[in-house]
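K.L.:
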Amino acid sequence: MTEPPDVLRRMLLDGRTEVSLVDRIVEDLARRIIDGSLPPGADVNSVELARRFSTSRTPVREALLTLQREGLVDIPARRRPRVAPVTPAQARELYEIRASLHALVSELIVAGSPDLSVLASWQSRLRSDALAGDVDAYFWHNVSFRQAEAEAAGNRQLTRLLGSLGLRTLQLRHVSLSLPGRLDRSVADHERLLAAYADGDAVLAVALTRSIIMTGLHSIEASGWPGLAEAE
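The sequence shown maps to residues 6 to 237 in the numbering used here.
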């Protein structure tokens, strides 16, 4: 199992530098929910978490409340917390927002003509991961590619908006990239996107960005992924 890079911790800390015990518990649970080790509907054992982190249940409760706010955990009354399911409507709304925001990122990159070497470096890692069939490494490097892309756009508020979409989008993106044939399609699409940036073709870059993101949604919808369930 590939360990997530610092990108996950940076997203969780949102500018803070000190990592608390609650942060560590949130990071541990978030990683396991994102990579599918804890699938939607699975119970979250707070007693076991307290034992594993050698702490009382108070920091565990704080961590669970954080993940509840992110939409990853349900905390029903008088029942054990569980990994929250995703409805088809929630997934579609999240992907539509992502597609629109990342389309703006693509427009700004072409308009600003930034140095693309950082994106090219991440793309090289994506090619290697796809050749190796390493879904987890590809996923985390893809997250880093998208973050570097947002930073290259030069609009800090846009970068923060993308970050505010939270961990739920990471869970869905991991599911999408885990499906058969998705790595090869994804790496080829990102190659074309980088070429559009290099050519200064904003129309093509925006179209590719929207296609990449919405193809991920369509793949999940067609897969029969059990975590995508209608609301009870």
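For each residue, glycine too, the CB sits at the ideal point set by N, CA and C. Being a predicted model, the structure only gives us computed values, none of them experimental.
#1: According to DSSP, simplified to helix, strand and coil, what is L26?
#2: Would you report the Cα separation of G186 and A227, rounded to the nearest angstrom?
#3: Mapping DSSP to helix, strand and coil, what is L233?
#4: For E67, which residues of its own chain have a beta-carbon under 7 angstroms away from its beta-carbon, when the five flanking residues on both sides are left out?
#5: Hey, out of L167, Q176, P231, L77, whose CA is closest to P86's CA?
#6: Short of 6 angstroms in beta carbon distance, which residues of its chain neighbour I217, apart from the five on each side in sequence? Order them along the chain.
#7: Please report how far the alpha carbon of T7 lies from the alpha carbon of I30, in whole angstroms.
#8: Quick one: what does DSSP say R62 is sitting in, helix, strand or coil?
#9: Check whether the segment 136–148 and the segment 117–125 touch, using three or more Cβ-Cβ pairs below 8 angstroms as the test.
#10: One question on the structure: do V49 and L34 come within less than 8 angstroms of each other, judged by their Cβ atoms?
#11: Would you report the Cα separation of S111 and V211, rounded to the nearest angstrom?
#12: Skipping 5 residues on each side, what residues in its chain have a beta carbon closer than 7 angstroms to that of Q152?
#13: Taking DSSP as the reference, what is the three-state secondary structure of R173?
#14: In chain order, what residues of the same chain lie with their CB nearer than 6 angstroms to the CB of R215, ignoring the 5 residues before and after it?
#15: What residue ranges within the segment 31–114 form continuous alpha helix (DSSP H) runs of no fewer than 4 residues, ordered along the chain?
#16: Using only the alpha-carbon positions, how far apart do S61 and A55 sit?
#17: Just to confirm my understanding: we take A234, look at its own chain, exclude 5 residues before and 5 after, and list those with CB closer than 6 angstroms. What are they?
#18: Quick one: grab the DSSP three-state call for S191.
#19: Assuming D141 is part of the alpha helix (DSSP H), what are its boundary residues?
#20: Can you find the residues in the same chain that come closer than 6 angstroms, C-beta to C-beta, to P231, ignoring five residues on each side of it along the sequence?
P.N.:
In this structure, then:
#1: Within the sequence shown, the letter at position 21 stands for residue 26. Residue state, collapsed to three classes: helix.
#2: Sequence index remark: in the sequence shown, residue 186 carries index 181 (1-based). Sequence index remark: in the sequence shown, residue 227 carries index 222 (1-based). Each residue's alpha carbon lies about 13 angstroms from the other.
#3: Against the sequence shown, residue 233 aligns to sequence position 228. Looking at L233 - three-state DSSP - the assignment turns out to be strand.
#4: Start at 1 with the first residue of the sequence shown, and residue 67 comes out as number 62. So the qualifying residues of the chain are V27.
#5: Within the sequence shown, numbered from 1, the residue matching residue 86 stands at position 81. Nearest C-alpha to P86: L77.
#6: Taking the first residue of the sequence shown as position 1, residue 217 is located at position 212. Result list for I217: D194, in chain order.
#7: On the sequence shown, residue 7 is found 2 positions in, with the first residue counted as 1. On the sequence shown, residue 30 is found 25 positions in, with the first residue counted as 1. Confidence in T7 is poor, its pLDDT being 49 and thus under 50, which makes the residue's placement unreliable; the coordinate value appears in the next sentence. So the alpha carbons of these two residues sit roughly 18 angstroms apart.
#8: Locating residue 62 in the sequence shown gives position 57, where the first residue counts as 1. Of the three classes helix, strand and coil, the one that applies to R62 here is helix, per DSSP.
#9: In short, these stretches do not touch, since the Cβ pair count stays below three.
#10: Translated into the one-based positions of the sequence shown, residue 49 becomes position 44. Translated into the one-based positions of the sequence shown, residue 34 becomes position 29. Result yes, Cβ atoms of V49 and L34 sit closer than 8 angstroms.
#11: Within the sequence shown, numbered from 1, the residue matching residue 111 stands at position 106. Within the sequence shown, numbered from 1, the residue matching residue 211 stands at position 206. Linking S111 to V211 through their CA atoms gives a straight-line distance of about 6 angstroms.
#12: Counting from 1 along the sequence shown, the entry for residue 152 is found at position 147. Exclusion of the five residues before and after Q152 leaves V12 as the residues of its chain whose Cβ lies within less than 7 angstroms of its Cβ.
#13: Translated into positions along the sequence shown, residue 173 becomes position 168. R173 falls in the helix class under three-state DSSP.
#14: Looking up residue 215 in the sequence shown gives position 210. Once the five neighbours on either side are set aside, the close Cβ partners of R215 are A104, A108.
#15: Whole alpha helix (DSSP H) segments, 4+ residues: 51–57, 62–74.
#16: Here residue 61 corresponds to residue number 56 of the sequence shown, with the count starting at 1. Here residue 55 corresponds to residue number 50 of the sequence shown, with the count starting at 1. Roughly 6 angstroms between the two C-alpha positions.
#17: Locating residue 234 in the sequence shown gives position 229, counting from the first residue. Scanning its chain for C-beta atoms nearer than 6 angstroms, with the 5 sequence neighbours on each side dropped, one finds around A234 the residues P90, in chain order.
#18: The count along the sequence shown starts at 1 and reaches residue 191 at position 186. Helix at S191.
#19: As a position in the sequence shown, residue 141 is number 136, starting the count at 1. Its alpha helix (DSSP H) spans residues 140–158.
#20: As a working note, residue 231 is residue 226 in the sequence shown. Spatial neighbours of P231 in its own chain (CB-CB distance under 6 angstroms, excluding positions within 5 residues in sequence) are not present.
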